[in-house]
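Each residue of the sequence shown is one higher than the one before, counting from -9 in the numbering used here.
Note that CB positions come from ideal geometry on N, CA and C, so glycine has one too.
Each remark here refers to the structure printed beneath this line.
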Amino acid sequence: MVTTGRTLDDRGEPVAGTGFDLDPAGDLAALLRERTGPLTSHPTRDAWAAPLAADDDLLRSVSVFGPGYTGPPEHYHEVSDEAFDVRQGTLGFTLDGEAHRATAGERFEVPTGVRHTFRCEGPELGVVVAEIEPPGRIGHVLPTLGGIAHDDAIDAENPLQRAIIADKLAGDTVFTERDPRVTRPLAALLAPVAKARGYRAAYGKYQQPAFWERHVEQPDL
């Protein structure tokens, strides 16, 4: 077994207690060898992802979730279908309030407009090949959602930062933890202010491999 995906400190040293273990001869290692970009992560949640080859109208990635990962906030996509090919572990899904479960070897599909979230159940890592078709604007914003969590220069919880991201995703992806009838007009109102103050919905630096190589241990397989 080898450890990878650990958060790196300011000196480039791995932070103890982060990352995940994998068998270099196993399926997860094989998927990570196929990645077309860097391994990304969230520093305070056990979630990692790396892009995989796909056509222009499809966003495809391998995602890894630690045991007990509670998933993203509930949301739905207004223009995209989403699918999860479970390669390892067990994922619990909630679709429009209804519970489902998918295990290794199963494919779980989420149609456009269906509220959903998921979690990693059981003691194993959850490994999925995730697809979003078409990628829509969420594909441009996803690197920023993880990047700002690693970046001390930007406060991910700043209301202006949140507003400009929400405005960018209008008509594409809706997070339901707050009533969209309230949050959408508010985001549209605050977004020009946020932009004038230098905030962006997607930052180019989080699209660059160099950023992730400085912040996340990359698989050497």
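Annotated as distal: L42 and V54, with beta-carbon spacing of 9 Å or more.
For V131, the closest alpha carbon among the candidates T34, A40, G194 is that of G194.
The three-state secondary structure of G126, taken from DSSP, is coil. Rounded to whole angstroms, the Cβ separation of T(-7) and G9 is 5 Å, and the two are in contact under 8 Å. In this structure G56 is in contact with D36, their Cβ atoms being roughly 3 Å apart against a cut-off of 8 Å. CA-to-CA, the gap between T173 and T34 works out to about 26 Å. When beta bridges are read from the DSSP output, S53 appears opposite A39, V118. Taking 9 Å as the cut-off, the beta carbon of I154 is found no closer than this to the beta carbon of A146. L85 and R1 have their C-alpha atoms some 42 Å from each other.
In the DSSP annotation of this structure, E203 is not part of any beta strand (DSSP E); the continuous alpha helix (DSSP H) holding it starts and ends at 199 to 205. Ranked by Cα distance from D11, the options E114, E123, K185 are led by E114.
Between the alpha carbons of G82 and E64 lies a gap of roughly 13 Å. A191 is the residue among K185, A191, H140 whose C-alpha sits nearest the C-alpha of L159.
Where D17 is concerned, the enclosing alpha helix (DSSP H) starts and stops at 17 to 23. For T30, same chain residues with a beta-carbon under 6 Å away, outside a window of 5 residues either side, are A39, G136, W202 in chain order. The secondary-structure analysis by DSSP pairs E99 across a beta bridge with A73. Take E96, set aside five residues on each side of it, and the residues of its chain with a beta-carbon closer than 6 Å to its own are V76, in chain order. H67 counts as buried, since no fewer than 16 other beta carbons sit within 10 angstroms of its beta carbon.
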